[in-house]
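Participant:
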């Protein structure tokens, strides 16, 4: 009994969504059914993506020394750090919400905030398989034009965002990353 | 984990309601500035994987949607995530997560007008 209560509390949003979906299934069977199918497909896809990502996360955490990471991507890493962050993000696979736990590990390793944001930005838009797919669907001209704009945009967003964060909040982000384990 | 599961449920329901025909109706021919706004809203709140989004975008273009609207849709889809905000907040904190999404939205507006202006 004591175990079930916190479980329900933790999953309350999830459970209410499930109930909404059940209502849909009852009143609008078409939409309800499609919704459940899509959820199932996405769940399977996520389950196939998440384990390797988490193994990678664990390895990154254990193998790469904080000092090494700080040297190449830390506060005084300069442009190189940004380039590494960009390549890391672009070489990735998987939806954006998987990038945040990885960003958490990068923060834990003392990577500069600007570089973490470049990583997240690159992950969101310049993933290599994705831009190749974009080119085949929308044409190389469109893809290249968007790619150039995106690279500029990602860098500007990262720099602006870093400047917009007050120092106590910055400290809180790093402290939070150090204490995060789940 | 509960958050990931909730996100998956929301995506499922949202995509079931917003099927390609509905999206086309909203972003189709001559939707103009209103289309831009709708594109931004749909792109920000939904999470459509790229292998669905790009063919959809190509189909929309062929059907007469503007490059501006399509760019807005793709860019917000990738960079702005309202549904994934809870996960983002866990790692970056509320203020920073919201700022990142707002900046991304501003960027989406700029890039849409640039690309919509260059290709037309």
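Protein chains in written order, with the numbering used here: chain A, 1064 to 1245; chain B, 1033 to 1152.
C-beta: ideal position from N, C-alpha, C; glycine also.
(1) Return no unless some Cβ of chain B is closer than 9 Å to the Cβ of residue 1129 (chain A).
(2) Counting Cβ pairs closer than 8 Å, one from the stretch 1152-1162 of chain A and one from the stretch 1094-1113 of chain A, do we hit at least three?
(3) With distances taken Cα to Cα, identify the nearest neighbour of residue 1218 (chain A) among A:1181, A:1134, A:1086.
(4) By the 8 Å beta-carbon criterion, what residues does the stretch 1114-1138 of chain B contribute toward chain A?
(5) Assuming residue 1045 (chain B) contacts residue 1084 (chain A) under a Cβ cut-off of 8 Å, what Cβ separation, rounded to an integer in Å, is found between them?
(6) Determine, using beta carbons only, whether residue 1197 (chain A) and residue 1106 (chain B) come nearer to each other than 9 Å.
(7) For residue 1243 (chain A), which of helix, strand or coil comes out of DSSP?
(8) Quick check: the Cα distance between residue 1146 (chain B) and residue 1186 (chain A), rounded to an integer number of angstroms?
(9) Would you identify the three-state DSSP class for residue 1138 (chain B), choosing helix, strand or coil?
(10) If you draw a straight line from the C-alpha of residue 1100 (chain B) to the C-alpha of residue 1144 (chain B), how long is it?
(11) Mapping DSSP to helix, strand and coil, what is residue 1093 (chain A)?
(12) For residue 1187 (chain A), which residues in chain B fall below 7 Å Cβ to Cβ?
Facilitator: Taking the structure as given:
(1) no
(2) yes
(3) A:1181
(4) 1116, 1119, 1120, 1122, 1123, 1124, 1125, 1127, 1128, 1131, 1132, 1135, 1136
(5) 6 Å
(6) yes
(7) coil
(8) 22 Å
(9) helix
(10) 5 Å
(11) helix
(12) 1110, 1111
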